[in-house]
Amino acid sequence: MSKLRIPDVRKQFPLLKEYIYFDNSATSLTPKVVIDSMNDYYLGYCANVERGAYRLAQRATQEYDLAREKIAKYLVNCQPQELIFTRNFTEGANMVAFALQNPLLDRIDEGFGYASPLIDNGKNANIVATAIEHHSNLMPWIRLSKALGVEFRTVSPTEEGLLTPEAFNSKVDKNTIFVAFQHVSNSIGTLHPAKQIIDTIKQINSKALIFVDGAQTVGHMPVDFNYLGCDFYAFSGHKGPLGPKGTGGLVVRKGLLERFHPFHLGGGTILDVTLEDYKLKNDHRQFDGGTPYIPGLIGLGTAAEFLEEKIGINRIREHELSLSERLLRGLQAIDNIEIYGPKGLEQRSGIVSFNIKGWLSHDVSLTLDEKWNILTRAGHHCCIPTMRFLNILDDYGGNVRISLHLYNTEEEIDTALTALRKLAG
Ligand SMILES: Cc1ncc(COP(=O)(O)O)c(C=O)c1O
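Per the numbering used here, residue 1401 is the first one in the sequence shown, and the count goes up by one each step.
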């Protein structure tokens, strides 16, 4: 299938006629093709999934199942049966925390009771996260370690904000039960060597479960769950994948998923219910408690197909890196600008963050909007510990972030650089 050129892609996003949209890490714009597919559902085959015998309901179920297949295949390379639908990244992380705290309660053999826990929180057990996580990949693990009564440890990045396998070496040990870390930092844009980190952790302790935050990778670069070899990989549908708001995914390795307790019990999750107990479906459908966000997830399936078939996710990565390079070069040439994150481009994503000396980050962002219609994000980006690590919370209130996607252009970067030169001058 022939691929679209980046300028042609822009026609899918009417807001781009008016704005320079540089806030893709918070959420991305939604292409018309995705909105059309949601409308098709509402206007053409609006029915609930999984439960109906009539043909419209069957069609809705088929499209919903197909969406899961497309998202699994194009965005994360996992089996559809390994993919749980969520509202966003945060819900996926909290689902994992819940399941680790609450062993599976189900009809097991002849009885109703708890299966063996996914993790063994015995004496000296510890949980490991890192010092530069988004709050959504930190708070659930702090609470989990308190609930289980186990030690909570954090891995520090290098000065440039890079997580290295060596840094995990000194924190992970035989008593580690769970490790969570980000694939790309949303506040400074670092792309961490996830595969090497996962291999290192597994070498030290093959039983430690590993959770990776893919909120800033999926849709921006090829992600291969199988190759990575982690146990959980969570992402948002509304960011990199260009899906509807309120969509996301959690990939759970097969074998674990069957022992994973859903926190939404109810319609759609069971094989049988009596007045004393219940038997859950033994697959991903046990996580679809209640009526799911059917049009949104069908829209996310369309987005996944659009990204890979019409654009090519590896081309998105190349495009974002080449724009990042142009932006970084331009910023480096402006006096009074401090740039965060690694020097090497291969350790970067399409996220570039910086400050102008003497300016609060919010004031820079407001001025870029008011004078030039340039939409950036400023502040702590839900990463207060990272801002403290960089020592920029008090002086700047965080940093200014330009986060790119496939529809951004060199001209937009040049307009931003001209604006920033004026502000910094
Ligand atoms: C790295 C990272 N993790 C987690 C999240 C939370 O994502 P969501 O708001 O979709 O739950 C974000 C959101 O910006 C993020 O950038």
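Positions of the beta carbon are idealized from the N, C-alpha and C atoms, including for glycine.
Taking one beta carbon from each stretch, the region 1627-1642 and the region 1473-1482 have 3 or more pairs nearer than 8 Å; the two touch. In the three-state reduction of the DSSP assignment, residue 1587 falls in the coil class. When C-alpha distances from residue 1741 are compared across 1591, 1678, 1571, the shortest belongs to 1591. One thing to note: residue 1818 has its Cβ no nearer than 9 Å to the Cβ of residue 1532. Remark: the shortest separation between the CB of residue 1584 and any heavy atom of ligand 1 falls under 8 Å. Using a cutoff of 8 Å, the CB of residue 1616 counts as near ligand 1, since one of the ligand's heavy atoms is closer than that.
Comparing alpha carbon positions, the residue from 1588, 1794, 1435, 1775 closest to residue 1816 is 1775. Ligand 1 has no heavy atom closer than 8 Å to the beta-carbon of residue 1755.
For residue 1778, the uninterrupted beta strand (DSSP E) run begins and ends at 1777-1779, by DSSP. For residue 1452 and residue 1458, the gap between their C-alpha atoms comes out near 7 Å. Within its own chain, the residues whose Cβ lies closer than 7 Å to the Cβ of residue 1597, once the five positions on either side in sequence are excluded, are 1563, 1565, 1568, 1581, listed in chain order.
Across the set 1577, 1712, 1573, 1408, the C-alpha of 1577 shows the shortest separation from the C-alpha of residue 1545. By the beta-carbon neighbour count (other beta carbons within 10 angstroms, threshold 16), residue 1547 is exposed. In this structure, residue 1490 has its CB closer than 8 Å to one or more heavy atoms of ligand 1. Residue 1429 sits in coil when the DSSP states are folded into three classes, being neither helix nor strand.
Residues 1406, 1806 of the same chain have their beta carbon placed closer than 7 Å to that of residue 1719, with the five preceding and five following residues left out of the count. As the crow flies, the alpha-carbon of residue 1469 is around 18 Å from that of residue 1712.
Counting the other CB atoms within 10 Å of its CB gives residue 1460 a total of 16 or more, which places it among the buried residues. By the Cβ rule, the region 1515-1533 counts as touching the region 1643-1662, because three or more pairs are nearer than 8 Å. Excluding five sequence positions before and after residue 1683, the CB atoms of its chain that fall closer than 6 Å to its own CB belong to 1481, given in chain order.
In the three-state DSSP reduction, residue 1595 falls in the helix class (H, G or I).
In this structure, residue 1654 has its beta carbon at no less than 8 Å from each heavy atom of ligand 1. By the neighbour-count criterion, in which 16 or more other beta carbons inside 10 Å mark a residue as buried, residue 1634 falls on the buried side. With a cutoff of 8 Å, residue 1648 counts as near ligand 1, since its C-beta is closer than that to a heavy atom of the ligand. About 29 Å separates the beta carbon of residue 1431 from that of residue 1494, a gap too long to meet the 8 Å contact definition.
Look at residue 1716 here: in three-state DSSP terms it is helix. In the DSSP assignment, residue 1459 falls within the alpha helix (DSSP H) that extends over 1455-1470.
The Cβ-Cβ distance between residue 1589 and residue 1749 falls below 9 Å. Non-local C-beta neighbours of residue 1574 in its own chain, meaning closer than 7 Å and more than five positions away in sequence, comprise 1605, ordered along the chain. Looking only at 1650, 1802, 1622, the smallest Cα-Cα distance to residue 1716 is reached by 1622.
Residue state for residue 1603 is assigned as helix, using DSSP reduced to three classes. Proximity of the beta carbon of residue 1626 to ligand 1 is not indicated: no heavy atom of the ligand is located closer than 8 Å.
The three-state reading of DSSP puts residue 1809 in coil, since its state is none of H, G, I, E or B. Burial is judged here by how many other beta carbons sit within 10 angstroms of a residue's own beta carbon; residue 1446 has fewer than 16 and is exposed.
If you look at residue 1764, you'll find it in the alpha helix (DSSP H) that goes 1761-1772.
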